[in-house]
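Here is the structure we will look at, set down as structure tokens.
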Ligand SMILES: [Zn+2]
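Residue numbers (our numbering): 6 to 87.
Below, the structure is given as structure tokens:
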């Protein structure tokens with residue numbers, strides 16, 4: 006009887022370990038984004054909100070801007086260099 010309980014406890018522990026491991030795999034390893042990577046920042050071109058971790062970062066005039074796509078970043082650089 007005790008064997009079954011021990012096996013059940015081990016299974017539960019294993020389940021939580023696997024679940025945590027899966028959750029960690031789901032996140033990209035790059036920690037380069039300066040603000041919290043879950044912080045939502047507005048794209049100045051198309052006004053869409055993007056997570057800092059997945060946004061395209063471009064420095065324009067000494068300031069970092071965040072864009073939803075390369076197209077928006079290019080558009081912004083073109084507009085601000087006028
Ligand atoms: Zn955009």
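By construction, the Cβ of each residue, glycine as well, lies at the ideal position given by its N, Cα and C atoms.
Computed from a predicted structure; not experimentally measured.
Original post:
Comparing the CB of residue 53 with every heavy atom of ligand 1, is any distance shorter than 7 Å?
Top reply: yes
Original post:
Nearest to residue 56 by alpha carbon, out of 24, 65, 62, 46?
Top reply: 46
Original post:
Helix or strand or just coil, what does DSSP make of residue 23?
Top reply: helix
Subject >> Identity of the residue in 62, 69, 67 nearest residue 76 by Cα >> reply: 62
Original post:
Can you tell me whether DSSP reads residue 8 as helix, strand or coil?
Top reply: helix
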